[in-house]
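Following: one structure in structure tokens, then a few remarks.
In my numbering, the protein residues as written are 18 to 201.
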């Protein structure tokens, strides 16, 4: 009861929050009369997913990238006190000592972030069911519901640990010992 009272008070003070609550019932999407309190409307979710599932942007062969691949050819450049700073797309080892040489936020796939994205997609699927379909990958013509999209991302995440057509595990990159030593 206290939670609902707090929600109702917040809605009274900030009525624009009602736009984020999707009604259920006849004529609405909610599967099995489920409700959804979300920051993202269905239209915005489609726009977000169109970028997230674009292989030229965030969808990589091994999951969702931390930074769009767009920045590989179009680095973000900014200036402070006349000094140029760049944020390059860098999916592997860092090419600079900035931030302790850590390039993790500049392109590689972060497993924890991917898990949160998968979890969110599954929650949206519980609400929308098969009524919400999106092209995956973007531009492929292949329409999927959000459960199928979460499965696609999961499959890509595991692919980095599985042997490819050359018998190599992508997670080890060019490290010869890891690729050829049977104990690895």
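Each residue gets a CB set at the ideal place from its N, CA and C atoms; glycine is no exception.
Exercise. Which of helix, strand or coil does DSSP assign to residue 48?
Worked result: helix
Exercise. Between the region 76-86 and the region 172-179, are three or more C-beta pairs nearer than 8 Å?
Worked result: Enough Cβ pairs lie closer than 8 Å, so yes.
Problem set entry | residue 91 versus 186, 108, 97, 104, residue with shortest Cα-Cα distance | Ranking the options by Cα distance to residue 91, first place goes to 104.
For this session: State buried or exposed for residue 54, treating a residue as buried only when at least 16 other CB atoms are found within 10 Å of its CB.
Result: Residue 54 counts as exposed, since fewer than 16 other beta carbons sit within 10 angstroms of its beta carbon.
For this session: Use the C-beta contact count for residue 157: other C-beta atoms within 10 angstroms, 16 or more gives buried, fewer gives exposed.
Result: exposed
Problem set entry | Contact under 7 Å by Cβ, residue 170 with residue 66 | no
For this session: Ignore the nearest five residues each way along the sequence and tell me which others in residue 167's own chain have a CB closer than 6 Å to its CB.
Result: 135, 138, 139
Exercise. Out of curiosity, what's the CA-to-CA distance linking residue 99 and residue 84?
Worked result: 25 Å
Exercise. When DSSP labels each residue in this structure, what does residue 75 get in the three-state scheme?
Worked result: Coil.
Exercise. Rounded to whole angstroms, how far is the Cβ of residue 164 from the Cβ of residue 142, which I believe are closer than 8 Å?
Worked result: 4 Å
Exercise. Is residue 96 helix, strand or coil by DSSP?
Worked result: strand
Problem set entry | Contact belief for residue 154 with residue 70 at Cβ below 8 Å, rounded distance in angstroms | Sure, about 5 Å apart at Cβ, within 8 Å.
Problem set entry | residue 193: first and last residue of the uninterrupted beta strand (DSSP E) it sits in | First-last for residue 193: 193-197, but that is the alpha helix (DSSP H), not the beta strand (DSSP E).
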